[in-house]
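Below is one structure, written out as structure tokens; the observations come after it.
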Amino acid sequence: MSALIERVRAVRSRDDAVAIDRDDVLAGKREAFLLPAGVIYLDGNSLGPLTKSAAAQVERTTTIEWGEGLIRSWNTADWIHLPRTIAAKIAPLIGTSAHNVVVTDSTSVNLFKVLSAALDKAEPGRRVLLSEPGNFPTDLYIADSAAALKGAELRLAEDIEGALSDDVAVVMLTQVDYRTGLKRDMAALTHCVHAAGALAVWDLAHSAGAFPVALDAAGADFAVGCGYKYLNGGPGAPAFVFASDRHLDVKQPLSGWFAHAEPFAFERTFRPADGIARFLTGTAPVLSMSALSAALDAFADVDLRSVREKSVALCELMIALVEARCADHVRLASPREPHRRGSQVSFHCEEGYAVMQALIAQGVIGDFRAPDILRFGMAPLYVSYVDVFDAAAALADILATRSWDREAFRARAAVT
Ligand SMILES: *Cc1c(COP(=O)(O)O)cnc(C)c1O
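If you read the sequence shown in the numbering used here, its first letter stands for residue 1319, the second for the next number, and so on.
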């Protein structure tokens, strides 16, 4: 066990947590974020917070580049290359090269592109797209559509390795389970998938920016990921697509003019661009792109190994404090072993929805996932040990006093 984990497990008082913050090499990073006073933000796994640099860049892009530069800014502000320049900032976070990544569209749309492309490349006779029943719903809905387009069958199995029969073409997995935070061993599973003659497609929604990802070393075929979670790109930020060098020649079904070799030749016939640009579709949302681009600068000088070390420590602290004080009311839903967890901690809790609303009313923002999960995302760039201490104390108080037991906290909003 690392000295840091021993230290967080020994926390008994708020001062103990403050002392760990004092030694935290990432503590200064919080300055890059515009977090409101009085809020402890443990929901960056759903929507990362605003950075100072993104706020300033959106202002510049709006008033100067758009307002004054007008259409000239496609060239003068290099808007046209944003899908590639932002990809170059994401590539080191996910263990690959800039020429394997492009930033575009949403995770759902990109998943449709890569699943379709992967099914095209499968060996003849392999017609099954394999995933797991607990995968994030949009991934399964999109898999339904891609399977229908390609005449494939979507098969869902809890035991992926056991389901790798010789009719499996493509395996689609999300590396970190959105409910429990269970983290898959990407390298080991990709190896099994390849040994069984199939291709591996990974969803990095809860991985990119949360810990080091090693797509190339794992041998992943395709991947997609989200711009607005740990990458802090803003609500509805563009997502990214990864294709390995082996798959830069594929066809994808949503090839619009930005996937064309020469979009501004306005040819009648589609000719795909060389390389990863063929995963583009239409015009990039420049305002959103500018926010994501600037937000990523927060990672420029960060060693993701220290992000991972702190993330593990924050999660361990949350588990230790909550289990010490709330054991009668909650039960750990995340794996207990740190190496099997992503960057979140989840607990089963009866009346979890109302409990989370009561926490949010006190300024501790996590989220609730049906049927009974309290979910706390630990983003090490801006979450401190004392934040976790205070969040656990607030939860313990709410549960002990039953202050969650009010009609106002039970009323469900449109977005949970
Ligand atoms: C957040 C998330 C998405 C989001 O998809 P959008 O197209 O951006 O709405 C997709 N998949 C997983 C696993 C997610 O966690």
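We treat Cβ as the ideally placed atom computed from N, Cα and C, and that holds for glycine.
Query raised in the report: With 16 as the cutoff for other CB atoms within 10 Å, does L1746 come out buried or exposed?
Result: Because the chain spans 1319 through 1734 in this model, residue 1746 falls outside it and cannot be assessed.
Query raised in the report: With distances taken from CA atoms, which of T1380, S1562 and V1326 is nearest A1435?
Result: Counted from its first residue, the sequence shown places residue 1435 at position 117. The candidate whose alpha carbon is nearest that of A1435 is S1562.
Report task. Would you give the residue range spanned by the beta strand (DSSP E) that H1560 belongs to? Result -> Position 242 of the sequence shown, counting from 1, holds the residue named residue 1560. What sits at residue 1560 in the sequence shown is Phe, not His. Per DSSP, F1560 belongs to the beta strand (DSSP E) from A1557 to A1561.
Query raised in the report: So is V1733 buried or exposed if we call it buried at 16+ other beta carbons inside 10 Å?
Result: Within the sequence shown, numbered from 1, the residue matching residue 1733 stands at position 415. Around the C-beta of V1733, fewer than 16 other C-beta atoms lie within 10 Å, and the residue is accordingly described as exposed.
Query - Span separating the alpha-carbon of L1322 from that of D1339 - result: By 1-based counting over the sequence shown, the position of residue 1322 is 4. By 1-based counting over the sequence shown, the position of residue 1339 is 21. If you take the alpha carbons of L1322 and D1339, they lie about 11 angstroms apart.
**Report entry** DSSP-derived helix/strand/coil call for Y1359
**Finding:** Here residue 1359 refers to the residue found at position 41 of the sequence shown. If DSSP states are grouped into helix, strand and coil, Y1359 belongs with the strands.
Requested in this report: Look at the Cβ atom of C1644, then the Cβ atom of L1566, and state whether they are nearer than 8 angstroms.
Outcome: For this step, residue 1644 is matched to residue 326 along the sequence shown. For this step, residue 1566 is matched to residue 248 along the sequence shown. Going by C-beta atoms, C1644 is not nearer than 8 angstroms to L1566.
Requested in this report: Mind checking who A1518 pairs with in its DSSP beta bridge?
Outcome: What you label residue 1518 is simply residue 200 of the sequence shown in a count that begins at 1. According to DSSP, A1518 bridges with V1489.
Query raised in the report: Exposed or buried, R1730, counting other C-beta atoms within 10 Å across all chains shown (16 or more means buried)?
Result: Position 412 of the sequence shown, counted from the start, is the residue given in the question as residue 1730. Taking a 10 Å sphere around the C-beta of R1730, we find fewer than 16 other C-beta atoms and assign the residue as exposed.
Query raised in the report: If you follow the beta strand (DSSP E) that Q1662 is part of, which residue opens it and which one closes it?
Result: Working through the sequence shown from its first residue, we reach residue 1662 at position 344. Taken as a continuous stretch (DSSP letters only), the beta strand (DSSP E) holding Q1662 covers Q1662 to C1667.
Query raised in the report: Under the three-state reduction of DSSP, which class applies to A1528: helix, strand or coil?
Result: The count along the sequence shown starts at 1 and reaches residue 1528 at position 210. A1528 falls in the coil class under three-state DSSP.
Report task. Return yes when at least one heavy atom of ligand 1 lies under 7 angstroms from the C-beta of A1557, else no. Result -> Indexing the sequence shown from 1 puts residue 1557 at position 239. Yes; taking the cut-off as 7 angstroms, the Cβ of A1557 has a heavy atom of ligand 1 nearer than that.
Query raised in the report: Whose CA, out of R1649, A1672 and V1531, lies closest to the CA of A1505?
Result: As a position in the sequence shown, residue 1505 is number 187, starting the count at 1. With distances taken between Cα atoms, A1505 lies closest to V1531.
Query raised in the report: Is the closest heavy atom of ligand 1 to the C-beta of A1602 under 7 angstroms?
Result: In the sequence shown, the residue the question calls residue 1602 occupies position 284. Because no heavy atom of ligand 1 lies under 7 angstroms away, the Cβ of A1602 does not count as near it: no.
**Report entry** Proximity to V1677 [Cα-Cα], best of V1432, D1723 and A1688
**Finding:** For the purposes of this step, residue 1677 is identified with residue 359 of the sequence shown, where counting begins at 1. At residue 1677 the sequence reads Leu, which differs from the Val that was named. Ranked by Cα distance from L1677, the first of V1432, D1723 and A1688 is D1723.
Query raised in the report: In its own chain, which residues sit with a C-beta less than 7 angstroms from the C-beta of A1461, not counting the 5 before and 5 after it?
Result: As a working mapping, residue 1461 is identified with position 143 in the sequence shown. Excluding the 5 residues flanking it on each side, A1461 has same chain C-beta neighbours closer than 7 angstroms at L1433, L1447, S1449, L1472 and M1490, in chain order.
Query - Cβ-Cβ separation, Y1359 to Y1700 (assumed contact under 8 angstroms), whole Å - result: For the purposes of this step, residue 1700 is identified with residue 382 of the sequence shown, where counting begins at 1. For the purposes of this step, residue 1359 is identified with residue 41 of the sequence shown, where counting begins at 1. Indeed, because the Cβ distance is near 7 angstroms, the residues count as touching under 8 angstroms.
Query raised in the report: If we ignore side chains and look at the alpha-carbon of each, how far apart do F1529 and I1408 end up?
Result: As a working note, residue 1529 is residue 211 in the sequence shown. As a working note, residue 1408 is residue 90 in the sequence shown. When rounded, the distance between both Cα atoms is 13 angstroms.
Report task. Put K1407 into one of helix, strand or coil per three-state DSSP. Result -> Here residue 1407 is taken as the residue at index 89 of the sequence shown, counted from 1. Assigned with DSSP and collapsed to three states, K1407 falls in helix.
Query raised in the report: Do the CB positions of V1673 and L1692 come within less than 8 angstroms of each other?
Result: For the purposes of this step, residue 1673 is taken as the residue at position 355 of the sequence shown. For the purposes of this step, residue 1692 is taken as the residue at position 374 of the sequence shown. When the beta-carbon positions are compared, V1673 and L1692 come within less than 8 angstroms of each other.
Requested in this report: Determine the extent of the alpha helix (DSSP H) in which L1448 is found, giving its start and end residues.
Outcome: To locate residue 1448, count along the sequence shown from 1; it is residue 130. From DSSP, L1448 is part of no alpha helix (DSSP H) but of the beta strand (DSSP E) over V1446 to S1449.
Query raised in the report: So T1498 packs on D1521, CB below 8 angstroms; how close in whole Å?
Result: Residue mapping note: residue 1498 aligns to position 180 of the sequence shown, counting from 1. Residue mapping note: residue 1521 aligns to position 203 of the sequence shown, counting from 1. T1498 to D1521, Cβ: 15 angstroms. No contact.
Requested in this report: State buried or exposed for P1367, treating a residue as buried only when at least 16 other CB atoms are found within 10 Å of its CB.
Outcome: Taking the first residue of the sequence shown as 1, we reach residue 1367 at position 49. Label assigned to P1367: buried.
Query raised in the report: Can you find at least 3 beta carbon pairs, one from the segment 1412 to 1427 and one from the segment 1549 to 1559, that sit closer than 8 angstroms?
Result: Pairwise C-beta distances place the segment 1412 to 1427 in contact with the segment 1549 to 1559, as three or more of them are shorter than 8 angstroms.
Requested in this report: Assign Y1703 to buried or exposed, taking buried as 16 or more other Cβ atoms, counted over all protein chains shown, within 10 Å of its Cβ.
Outcome: Start at 1 with the first residue of the sequence shown, and residue 1703 comes out as number 385. With 16 or more Cβ atoms within 10 Å of its Cβ, Y1703 is classed as buried.
Requested in this report: Specify the secondary structure class of R1659 as computed by DSSP and reduced to three states.
Outcome: Stepping through the sequence shown from its first residue, residue 1659 is reached at position 341. In the structure shown, R1659 falls within a strand segment according to DSSP collapsed to helix, strand and coil.
Query raised in the report: So, L1517 versus A1440, is the Cβ gap smaller than 8 angstroms?
Result: On the sequence shown, residue 1517 is found 199 positions in, with the first residue counted as 1. On the sequence shown, residue 1440 is found 122 positions in, with the first residue counted as 1. Result yes, Cβ atoms of L1517 and A1440 sit closer than 8 angstroms.
Query raised in the report: Nearest to P1354 by CA position, among I1683, S1320 and R1502, is which residue?
Result: As a first step, residue 1354 is located in the sequence shown; it is residue number 36 there, counting from the start. Of all alpha-carbon atoms in I1683, S1320 and R1502, the one lying nearest the alpha-carbon of P1354 is that of I1683.
Requested in this report: Answer yes or no: the CB of S1525 versus the heavy atoms of ligand 1, is any distance below 7 angstroms?
Outcome: Sequence index remark: in the sequence shown, residue 1525 carries index 207 (1-based). Not a single heavy atom of ligand 1 lies less than 7 angstroms from the C-beta of S1525.
Requested in this report: Measure from the alpha carbon of A1328 to the alpha carbon of each residue in A1714, S1391, M1636 and A1726, then state which is nearest.
Outcome: For the purposes of this step, residue 1328 is taken as the residue at position 10 of the sequence shown. Comparing alpha carbon positions, the residue from A1714, S1391, M1636 and A1726 closest to A1328 is M1636.
Report task. Please name the residue, chosen from V1357, S1391 and L1411, that lies closest to L1534 on a Cα-to-Cα basis. Result -> Here residue 1534 corresponds to residue number 216 of the sequence shown, with the count starting at 1. Going by the sequence as given, residue 1534 is Asp instead of Leu. Nearest option by C-alpha distance: L1411.
Report task. Kindly give me the distance between the Cβ atoms of G1695 and G1469, rounded to whole angstroms, as I take these residues to be in contact under 8 angstroms. Result -> Your numbering for residue 1695 matches position 377 in the sequence shown. Your numbering for residue 1469 matches position 151 in the sequence shown. In fact, because the Cβ distance is near 39 angstroms, the residues do not count as touching under 8 angstroms.
Report task. With DSSP collapsed to three states, give me the class of H1417. Result -> Counting from 1 along the sequence shown, the entry for residue 1417 is found at position 99. The answer is helix: DSSP assigns H1417 an H, G or I state.
Query raised in the report: Which residues share a DSSP beta bridge with V1494?
Result: On the sequence shown, position 176 is the one that residue 1494 refers to. K1501, per the DSSP bridge assignment.
Query raised in the report: Is any heavy atom in ligand 1 found nearer than 7 angstroms to the beta carbon of T1422?
Result: Looking up residue 1422 in the sequence shown gives position 104. No, since every heavy atom of ligand 1 falls outside the 7 angstroms radius drawn around the Cβ of T1422.
Query raised in the report: Could you give the C-beta distance for D1539 and V1519, rounded to a whole number, given that I count them as a contact under 8 angstroms?
Result: By one-based count along the sequence shown, residue 1539 stands at place 221. By one-based count along the sequence shown, residue 1519 stands at place 201. Contact between D1539 and V1519 holds: their C-beta atoms lie close to 6 angstroms from each other, under 8 angstroms.
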